[in-house]
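Notes follow once the structure below has been shown.
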Amino acid sequence: MPELPEVETVRRGLAQAMTGATFTTVEQRRPDLRFPFPERFAERLDGRRVEAVGRRAKYLVIDLDDGTVLAVHLGMTGSFRVAAAARGTAGGHETVPGRYYHARGGPASIAGSPVGSPHDHVRFTFDNGVAITYNDPRRFGFMVLVARAAFDAHPLFRAIGVEPLGESFDAATLARLIAGRAAPLKAALLDQRLIAGLGNIYVCEALHRAGLSPRRAAGTLARRDGGPTAGAVRLAAAIRAVLDEAVAAGGSSLRDYRHTDGELGTFQHGFRAYDREGEACGNPGCRGTIGRIVQNGRSTFFCGICQR
DNA sequence: ACTGGATCCTGCCTGC
DNA sequence: TGCAGGCAGGATCCAG
């Protein structure tokens, strides 16, 4: 689900709501998500103050005042909803997360019930009056507690690759990462050990913008001396551009993704390839049509005419 | 080294 | 109308 732009949007919402606040209640409604919750999860959070809400790849990284990090992965369908502190009267009850939305249609339902969805798995409350609920129908998400000092060495995080919006990501870095690789570009860009945070949507979009075939061997974007080809320069720029634009739009809303305040991201309207099978390729001067193939079990959308 | 497939889950959409 | 099957933003594991 959520790829880098969606996780970054969630991060901003959580940072606004919980930075500086102290956990007063942690209600854990089932023993596991994708993995079991950490031992004594609620007790270990209770009374802790949130120092910062960060992001690494597709993980939310919440630093606590005792040197512990609460790291959260949203999987495919995880979401947080923030119910604001009771300043003013916003209707008396909060809306409920986890409603499903059609990819192209409007909301299937907006009205919330005060009871809560069966997929609300964790509810945090804070001393500033904020309540934050984690909802995850498919339960591919998970939460872990890690000592800050051990974070970089943790098995989940030690192999994570470069941040594509970070200063160190450029064409030269991209070329170095994929030099010598025979795997298709699509697979290489989805590999979190190389570049962290891209998923199916933004890989399709970046390759389309760069005019590169998802089937092409990744290593062909590195010159023999390891430097970037013109294609690598285009791809690095396309990755950064599409992520920047998506973050600015608050991410893409398909099915169940929403901001922590319930608003929808709008970048799905900016898709040029993803989920546009049969539609005209929008690249300048190209008269091709977007097609769909399956690579590594995932749909790839691309134009066979201008993506070489 | 890479690919394909299965797996963890639930729910929506399509087609029969 | 019902129901089975396919598919979905992630990620890991295994066999070949």
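In the numbering used here, the protein residues as written are 3 to 310. Beta carbons: idealized from backbone N, C-alpha and C, even for Gly.
Cβ-based neighbour list, residue i, same chain, cut-off 6 Å, excluding 5 preceding and 5 following
i	result
residue 74	62 and 145
residue 268	251
residue 293	306
residue 179	196
residue 274	210 and 284
residue 143	35, 75, 76, 77 and 80
residue 139	79 and 121
residue 295	302
residue 201	5
residue 27	127
Residue environment, residue i, which counts as buried when at least 16 other CB atoms sit within 10 Å
i	result
residue 302	buried
residue 79	buried
residue 255	buried
residue 228	exposed
residue 283	buried
residue 15	buried
residue 42	exposed
residue 22	exposed
residue 289	exposed
residue 253	buried
residue 230	buried
Helix, strand or coil at residue i [DSSP, three-state]
i	result
residue 247	helix
residue 65	strand
residue 34	strand
residue 18	helix
residue 292	strand
residue 122	strand
residue 8	helix
residue 52	strand
residue 29	strand
residue 224	strand
residue 130	coil
residue 204	helix
residue 85	strand
residue 303	strand
residue 162	coil
residue 151	helix
residue 194	coil
residue 144	strand
residue 175	helix
residue 271	helix
CB contact flag (residue i, residue j, <9 Å)
i	j	result
residue 224	residue 234	yes
residue 31	residue 132	no
residue 60	residue 72	no
residue 5	residue 306	no
residue 161	residue 183	no
residue 259	residue 8	yes
residue 239	residue 173	yes
residue 17	residue 54	yes
residue 214	residue 278	no
residue 69	residue 151	yes
residue 141	residue 257	no
residue 185	residue 149	no
residue 171	residue 135	no
residue 84	residue 262	yes
Nearest residue (CA-CA) to residue i, options the options
i	options	result
residue 153	48, 266, 65 and 189	65
residue 126	38, 254 and 47	47
residue 159	147, 203, 67 and 181	147
residue 276	208, 12, 135 and 169	208
residue 271	244, 28 and 166	244
residue 286	212, 299 and 280	212
residue 57	136, 28 and 166	166
residue 130	119, 281, 299 and 24	24
residue 203	241, 169 and 20	241
residue 246	226, 281, 168 and 232	168
Chain-order list of residues whose beta-carbon lies under 7 Å from that of residue i (same chain, five-residue window excluded)
i	result
residue 205	188, 191 and 192
residue 181	221, 224 and 228
residue 266	255 and 260
residue 39	30, 33 and 145
Spatial neighbours of residue i in its chain, beta-carbon cut-off 8 Å, leaving aside the 5 residues before and after
i	result
residue 297	186, 188, 189, 216 and 217
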